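Since the structure comes first, as structure tokens, the remarks are kept for the end.
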Amino acid sequence: MGEPIIIPNGIRTMIPAVRISNLTRLCATVPDGCFVECGVWRGGCLAVLASIAQAEGRGRLIYGFDSFEGLPEQTAADNDHGKEFVGSCAATRQDVIETFETWGIPLDDTRLVKGWFEETVPAICEEMPPIAALRLDGDWYESTRICLEYLYPKLVPGGVVILDDYLTWTGCKAATDEYRTRHDINSELVITDPLGEAWWRKE
66 MGEPIIIPNG IRTMIPAVRI SNLTRLCATV PDGCFVECGV WRGGCLAVLA SIAQAEGRGR
126 LIYGFDSFEG LPEQTAADND HGKEFVGSCA ATRQDVIETF ETWGIPLDDT RLVKGWFEET
186 VPAICEEMPP IAALRLDGDW YESTRICLEY LYPKLVPGGV VILDDYLTWT GCKAATDEYR
246 TRHDINSELV ITDPLGEAWW RKE
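Counting along the sequence shown from 1, when you hit position 130 you're at 195 in this note's numbering, and nothing is skipped either side.
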């Protein structure tokens, strides 16, 4: 098995090194299944997932969901926390393609899905294979809720779900806590770093 490429944060990803390292470590421990990221921006983190899959040689598919129009409007559940960032973080499919090309990572097994989560995730989830790693970076309540509602049931036992904004935005935390409570999920919720990423492993 080869070594995955680790992309530095900055021009192609906003994810700090500690989270890239955590992602790489966790993905090395999951069963068979696809890797999914919801909220890909310029594709730096998605490229890390693809490079991990390529290094493993297990034929995993990679799915990247993004509106490519920036962050959506908030709902009341977000309590206006982060409202000033609505519309920010816009990128294009071409930005993602250029990231993969820059780092020499094939796009063959990567599926880029353009559109708002409420439209794309329910429409596509049924045709997706089981999920081994689910990384959510949608920031707001509704984005997080939709992704958990439709994609978490496809996560295999032993798979991981990662919430990039768990302690950053109140809406993300609220949607996550509500989902875990409603579905009696008692797996330990691990905080990755002081900035607030969290993850758990499905039992």
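Glycine included, C-beta positions come from ideal geometry on N, C-alpha and C.
Just so it is clear, the structure is predicted and the values come from calculations on it, not from any experiment.
What residue does the alpha helix (DSSP H) around D242 start on, and which one ends it?
It spans 235 to 247 - the alpha helix (DSSP H) in which D242 sits, taken as one unbroken run.
Who does G129 pair with in a DSSP beta bridge?
Partner(s): E102, L177.
CA-to-CA distance, A82 to D173, given in whole angstroms
Going by the C-alpha atoms only, they are around 26 Å apart.
Assign L111 to one of three DSSP states: helix, strand, or coil.
Per DSSP, reduced to three states, the secondary structure at L111 is helical.
Could you give the DSSP three-state label for L199: helix, strand or coil?
L199: strand per DSSP, three-state reduction.
Short of 7 Å in beta carbon distance, which residues of its chain neighbour L216, apart from the five on each side in sequence? Order them along the chain.
Around L216: V101, V186, C190, I196, L199.
For N87, count the other beta carbons within 10 Å of its own beta carbon; 16 or more makes it buried, fewer makes it exposed. Which is it?
So N87 counts as buried.
Mapping DSSP to helix, strand and coil, what is R266?
Here R266 sits in strand by DSSP.
Mark I211 as exposed unless 16 or more other C-beta atoms lie within 10 angstroms of its C-beta, in which case mark it buried.
Buried is the call here.
How many angstroms separate the CA atom of R266 from the CA atom of T246?
Roughly 16 Å separates the two Cα atoms.
Answer with buried or exposed for E262, where buried requires no fewer than 16 other C-beta atoms within 10 angstroms of its C-beta.
Result: buried.
Whole angstroms are fine: how far does the CA of R125 sit from the CA of L220?
L220 and R125 have their C-alpha atoms spaced approximately 14 Å apart.
Leaving out the 5 sequence neighbours to the left and right, which residues in its chain are closer than 7 Å to T164 when beta-carbon positions are compared?
Around T164: R77, R107, G108, G109, A112.
If we ignore side chains and look at the alpha-carbon of each, how far apart do F130 and I162 end up?
Cα to Cα, F130 sits roughly 14 Å from I162.
Under the rule that 16 or more other beta-carbon atoms within 10 Å means buried, what is I117, buried or exposed?
By the neighbour-count rule (16 or more Cβ atoms within 10 Å), I117 is buried.
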